[in-house]
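Since the structure comes first, as structure tokens, the remarks are kept for the end.
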Amino acid sequence: MNTLITGGGMIGSHAASLLIQNKINPILMELRPQQDSVNDILGNNNANTISGDILDFNFLLETIKTHSIDSIVHTVANPLLNAGANDSPYDAIRLNIMGTANVLEAARKLDLGRVVFLSSATLETNLKPASEIGQMSEDNIPRTTNIYSSTKVACENLGLNYSDLYGTDFVSLRPVGVFGPWLGKGGGGRSNMMKNLIENLLHGKEGLISPWVGEIVYVKDVALSILRALVSTSIKFRIYNVGMGEIYSPEQIINIFTKISPGSKIRVDSGGDMVKFKPAILAERPMDLKRSRNELGYNPEYLMEEAILDYMKWYKSHI
């Protein structure tokens with residue numbers, strides 16, 4: 001199977017590495033490839049990386065034909081996600097929605113196999129309060145509170161429309177805040193928060209953590225969800241949560257860091273950029289993974305301590 005991964009950032013690179021390990025051939029497409037960072041994740045594995053714009057529909061078609069693509073994993077999103085979209089709304093709307101439209105239309109025209117779209121759990125936390133919203137479910141009515149969330153729900157709806165009307169094999173994954181090894185630029189707020197936290201601690205500095213960190217998930221588990229979504233034969237509902245299965249409070253995360261690295265100094269900070277972490281709905285329970293487990297066979301392999309240990313080990317090897 002030849003799989004096009006649109007977006008050669010942290011998630012795309014980790015997904016490519018795992019696909020190679022499972023005998024699937026990934027082709028990474030990125031507007032400005034950060035090749036050194038990609039190579040760092042892939043290690044001795046080889047993946048074809050090409051430079052291309054997801055908004056160039058003809059280029060996308062030619063890439064699919066040239067590389068005999070069977071399926072697509074669409075990870076491209078605007079820089080800095082929620083915060084970035086609020087700062088540059090038009091650019092985020094154009095990239096997220098039209099980029100996804102190009103992927104779906106290419107899949108329809110060329111009769112491709114599965115399209116796996118990286119959506120976001122922001123559709124379950126950045127919602128306006130409404131009587132229809134009960135438990136944290138994939139089926140909550142998405143009355144979104146920011147630009148990024150609105151683009152994601154538009155993309156999901158388009159994907160489901162293409163599935164219903166044209167038979168496109170569309171699957172949407174909704175990861176919570178993703179963090180993990182990555183040398184390059186990009187990533188969301190929680191990803192950069194964890195990166196800066198680990199970086200500061202390993203250099204003997206004070207680390208900062210948001211009081212609204214919420215549920216986060218290790219990037220290797222997100223890669224696992226992508227693999228499962230590509231190969232699963234039990235797809236029914238087409239929208240799936242991806243999380244750690246547990247919410248850790250800032251205090252619990254601090255305790256894990258001090259257990260791993262005694263003497264670490266971490267402070268909970270509710271000011272500055274940390275304000276951007278506050279969702280409209282403060283989740284009281286983790287994302288429901290029942291559907292993901294039953295239909296995708298997704299089970300997170302990294303709880304918080306395992307994730308932090310793995311991340312710190314990687315980071316120490318790069319100091």
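Residue numbers (this note's numbering): 1 to 319.
Think of the CB as a built atom: it goes at the ideal place given N, C-alpha and C, for glycine as much as any other residue.
Proximal residues to residue i (C-beta, below 7 angstroms), its chain only, five neighbours per side dropped
i, result
"Ala83", "Gly189 and Lys276"
"Asn22", "Leu227"
"Gln252", "none"
"Ser234", "Glu295"
"Gly12", "Ile5, Leu28 and Thr75"
"Ile319", "Leu202"
"Asn157", "none"
Whole-Å CB distance - residue i paired with residue j, under 8 angstroms assumed
i, j, result
"His14", "Val219", "5 angstroms"
"Thr258", "Ser264", "5 angstroms"
"Pro279", "Thr125", "4 angstroms"
"Lys195", "Gln34", "About 15 angstroms; that fails the 8 angstroms criterion."
Chain-order list of residues whose beta-carbon lies under 6 angstroms from that of residue i (same chain, five-residue window excluded)
i, result
"Asn48", "Ile27"
"Phe117", "His74, Gly159 and Ser172"
"Leu183", "Ser37 and Asp40"
"Ile69", "Asn2 and Leu4"
"Ala307", "Tyr218"
"Ser270", "Pro211"
"Ala85", "Asn78, Ala92, Ile147 and Tyr148"
"Leu80", "none"
CA nearest to the CA of residue i, picked from the options
i, options, result
"Ser191", "Lys23, Gly177 and Asp169", "Gly177"
"Met287", "Ile308, Ile198, Ile247 and Glu306", "Ile247"
"Ile254", "Asn44, Met304, Thr144 and Leu123", "Met304"
"Phe237", "Asn46, Asp269, Tyr90 and Arg293", "Arg293"
"Ser71", "Asn196, Ile239, Ile24 and Asn58", "Ile24"
"Ser17", "Gln35, Gly7 and Gly43", "Gly43"
"Ser317", "Ile198, Asn46 and Met274", "Ile198"
"Leu19", "Gly272, Asp87, Ile256 and Ser225", "Ser225"
"Ser232", "Gly187, Gly8, Arg114 and Ala101", "Arg114"
Beta-bridge partners of residue i, as assigned by DSSP
i, result
"Leu208", "Arg267"
"Ile74", "The amino acid at residue 74 is misidentified as Ile; the sequence shows His. Answer is Thr6 and Phe117, bridged to His74."
Same chain only: Cβ atoms within 8 angstroms of residue i, ignoring 5 sequence neighbours per side
i, result
"Arg109", "A small fix is needed here, since residue 109 is Lys in this sequence, not Arg. Cβ within range, chain order: Leu61."
"Leu31", "Ser51, Gly52, Asp53 and Ile54"
"Ile260", "Glu305, Ile308, Leu309 and Met312"
"Arg267", "Glu206, Gly207, Leu208 and Ile209"
Beta carbon of residue i nearer than 8 angstroms to that of residue j
i, j, result
"Thr168", "Leu104", "yes"
"Gly52", "Val76", "no"
"Asp310", "Tyr298", "no"
"Val222", "Pro181", "no"
"Asn102", "Phe57", "yes"
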